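Enquirer: Residue numbers for the sequence shown follow this note's numbering, beginning at 31 and rising by one.
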Amino acid sequence: MRVLLAVLLVGVVGVVGCGGEDSPGEGAVPTLEGSQATVDKSPAEVDPVVTLEKLRAGSKRNEQGEVVEVQLRGTGGTDASLLHLKGLTQLQDLNLFGTKITDAGLVHLKGLTKLQTLRLSYQITAAGVADLQ
Numbered sequence: 031m032r033v034l035l036a037v038l039l040v041g042v043v044g045v046v047g048c049g050g051e052d053s054p055g056e057g058a059v060p061t062l063e064g065s066q067a068t069v070d071k072s073p074a075e076v077d078p079v080v081t082l083e084k085l086r087a088g089s090k091r092n093e094q095g096e097v098v099e100v101q102l103r104g105t106g107g108t109d110a111s112l113l114h115l116k117g118l119t120q121l122q123d124l125n126l127f128g129t130k131i132t133d134a135g136l137v138h139l140k141g142l143t144k145l146q147t148l149r150l151s152y153q154i155t156a157a158g159v160a161d162l163q
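1. Please give the ranges of any alpha helix (DSSP H) in the segment 128-163, keeping only runs that are unbroken, at least 4 residues long and fully inside the region.
2. Can you tell me where the alpha helix (DSSP H) with Glu93 in it begins and where it stops?
3. Measuring alpha carbon to alpha carbon, tell me which of Leu136, Lys140, His114 and Arg86 ends up nearest Leu150.
4. Which residues in the same chain as Gly158 place their Cβ atom closer than 6 angstroms to its Cβ, once the five residues preceding and following it in sequence are excluded?
5. Below 7 angstroms CB to CB, which residues in the same chain sit around Val98 once its five sequence neighbours on both sides are set aside?
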């Protein structure tokens, strides 16, 4: 019985670890502390695709290389994140589910005339959607 308890204890310590350093070790997955990438230029001067990659947003392009889909889902994106979509004039599909985007941020979508599918976060109200139409 004692041997079994000793084996279990060693197994638990091996799986859980025994503490030590506070910083993440090698192979740790980086996380976004905030939802915004640090950018030295104004949103109009920055390549929107590069910024979206920094925000860890997924995107798809059409045959001409134009971005037609952006997935901000689960990135922690905020209203300011939508500033970077302005140059994506061929955008057809935008997923904002699971972000911190509010009604106030939707103003940045007004120029996206090709947008066909818009998945919204829970912070968006009917009033915010009405402003888009």
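Quick reminder that beta carbons are idealized off the backbone N, C-alpha and C, glycines included.
Fair warning: this is a prediction, and the values are worked out from it, not measured in the lab.
Expert: Once the coordinates are examined:
1. 156-162
2. Run containing Glu93: none; DSSP gives neither H nor E here.
3. Leu136
4. Asp133 and Leu136
5. Lys90, Arg91, Asn92, Gln120, Leu121, Gln122 and Asp123
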